[in-house]
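See below for the structure under consideration.
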């Protein structure tokens, strides 16, 4: 990244101090996910000839066959728990699927870009070769909100997608899951469903198969439909169900652990820098992955998966409409692993 781009990032950012470490972040606008600024470490080439920088904390990503005999048991010393800033929240033990905590977990709420995990799930279930080529169309390029090259609506610091540009499916998954790019999610959805509404039909059929009874998706990006916003909804519990299914596909969680990546068009003409919205990367060694979301109607949303610091027992935590989502998620994991034993 050249000095001019770095200067632009710096001038557009807000410098703040967290846990003794200086970090650079951008503020939040329409459907904007808070984007983690790039580190100064060089980007390293890893999977599928893509340039990526991966968080190297020793966290297990592969799927394991856990014994169903292990059940979470609340310790007598466990304290009462609440997530006061979240309108809806849930914690579920992944392998037993026991609910450890819930607060209005079945309420219908807009979930914003948490929707993109369902889009990604359908992509990996439908497309076996992630090198398959997707052509970007006008509808994707003119998507609102967060896009490739634009960490927030109307604020672009890098190369945007172009009409007719061709990229690999895996590249677009990185943009959709890491940077929460609406254009990438729309392109993936239309590649499978022909239209956004066609893909939404596929999404809702899959949601029904997963037992997501409180869900109706409208778009592959999570943007609500103008005039029909309240027809686009899910619940904290349903998002957790979706997340548990997505854990069967390691590639999705490996992508979500990249701090940054550079993706290129098939012809090499365009390069795009992608930055992860996950503020907990590098701070929680037992974190498996997160997905963020924001629209004015949904508020700040977050799903996250972590394993016990001293074992492989995993839990998923979800908060909807929580302005302190990162603090809430950390407290949810801390309480879960301190308050339960697996027997």
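Numbering (my numbering), first residue to last: -9 to 333.
Quick reminder that beta carbons are idealized off the backbone N, C-alpha and C, glycines included.
Let me know the secondary structure DSSP gives residue i once reduced to three states.
i: residue 280; result: strand
i: residue 132; result: coil
i: residue 211; result: coil
i: residue 235; result: helix
i: residue 142; result: strand
i: residue 225; result: coil
i: residue 266; result: coil
i: residue 289; result: strand
i: residue 121; result: coil
i: residue 57; result: Annotation note: pLDDT 39 at residue 57 (below 50); position unreliable, coordinate value reported separately. Residue 57 falls in the coil class under three-state DSSP.
i: residue 307; result: strand
i: residue 302; result: coil
i: residue 32; result: With a pLDDT of 28 at residue 32, under the threshold of 50, the modelled position of this residue cannot be trusted; read the value that follows with caution. Looking at residue 32 - three-state DSSP - the assignment turns out to be coil, as it is neither helix nor strand.
i: residue 71; result: coil
i: residue 323; result: helix
i: residue 294; result: strand
i: residue 156; result: strand
i: residue 38; result: Here the model assigns residue 38 a pLDDT of 39, short of 50, so the residue's position is not dependable and the matter cannot be decided.
i: residue 249; result: strand
i: residue 315; result: helix
i: residue 218; result: coil
Quick check: residue i and residue j, are their CB atoms within less than 8 Å of each other?
i: residue 62; j: residue 332; result: yes
i: residue 131; j: residue 152; result: yes
i: residue 232; j: residue 200; result: yes
i: residue 126; j: residue 148; result: no
i: residue 75; j: residue 252; result: no
i: residue 169; j: residue 134; result: no
i: residue 202; j: residue 224; result: yes
i: residue 158; j: residue 113; result: no
i: residue 226; j: residue 95; result: yes
Distance, Cα to Cα, residue i vs residue j?
i: residue 99; j: residue 143; result: 23 Å
i: residue 71; j: residue 83; result: 16 Å
i: residue 115; j: residue 67; result: 43 Å
i: residue 167; j: residue 176; result: 12 Å
i: residue 285; j: residue 296; result: 25 Å
i: residue 316; j: residue 305; result: 16 Å
i: residue 271; j: residue 183; result: 33 Å
i: residue 230; j: residue 59; result: 21 Å
i: residue 260; j: residue 165; result: 14 Å
i: residue 281; j: residue 256; result: 27 Å
i: residue 277; j: residue 248; result: 12 Å
i: residue 279; j: residue 198; result: 24 Å
i: residue 120; j: residue 235; result: 19 Å
i: residue 327; j: residue 274; result: 13 Å
i: residue 321; j: residue 97; result: 22 Å
i: residue 180; j: residue 262; result: 21 Å
i: residue 65; j: residue 330; result: 5 Å
i: residue 221; j: residue 105; result: 14 Å
i: residue 213; j: residue 194; result: 15 Å
i: residue 323; j: residue 290; result: 18 Å
i: residue 302; j: residue 129; result: 43 Å
i: residue -1; j: residue 88; result: With a pLDDT of 41 at residue -1, under the threshold of 50, the modelled position of that residue is not reliable, and the figure given next carries that caveat. C-alpha separation (whole angstroms): 43 Å.
i: residue 85; j: residue 258; result: 43 Å
i: residue 215; j: residue 287; result: 11 Å
i: residue 118; j: residue 161; result: 14 Å
i: residue 238; j: residue 217; result: 36 Å
i: residue 136; j: residue 163; result: 14 Å
i: residue 145; j: residue 240; result: 32 Å
i: residue 196; j: residue 69; result: 37 Å
i: residue 219; j: residue 265; result: 28 Å
i: residue 267; j: residue 300; result: 27 Å
Write down the C-beta distance between residue i and residue j rounded to the nearest angstrom, noting that I regard them as a contact closer than 8 Å.
i: residue 228; j: residue 205; result: 5 Å
i: residue 101; j: residue 91; result: No, residue 101 and residue 91 are not in contact; Cβ-Cβ is about 19 Å, not under 8 Å.
i: residue 178; j: residue 210; result: 6 Å
i: residue 293; j: residue 77; result: At roughly 15 Å, the Cβ-Cβ gap does not stay under 8 Å, so residue 293 and residue 77 are not in contact.
i: residue 108; j: residue 189; result: Not a contact, Cβ separation roughly 10 Å.
i: residue 337; j: residue 254; result: Residue 337 is absent from the model: the chain starts at -9 and stops at 333.
Provide the residue span of the beta strand (DSSP E) that contains residue i, from first to last.
i: residue 255; result: Segment: none, residue 255 is in no beta strand (DSSP E) and carries neither H nor E.
i: residue 83; result: 78 to 83
i: residue 90; result: 89 to 93
i: residue 331; result: 330 to 332
For the alpha helix (DSSP H) that residue i lies in, which residues bound it at each end?
i: residue 167; result: 159 to 168
i: residue 109; result: 105 to 116
i: residue 191; result: 186 to 199
i: residue 63; result: Element bounds for residue 63: not the alpha helix (DSSP H) but the beta strand (DSSP E), 62 to 64.
i: residue 246; result: 240 to 246
i: residue 181; result: 172 to 183
Kindly examine the ligand NAD and report whether one of its heavy atoms sits closer than 7 Å to the Cβ of residue i.
i: residue 304; result: The ligand NAD is absent from the structure shown, which contains no ligands of any kind.
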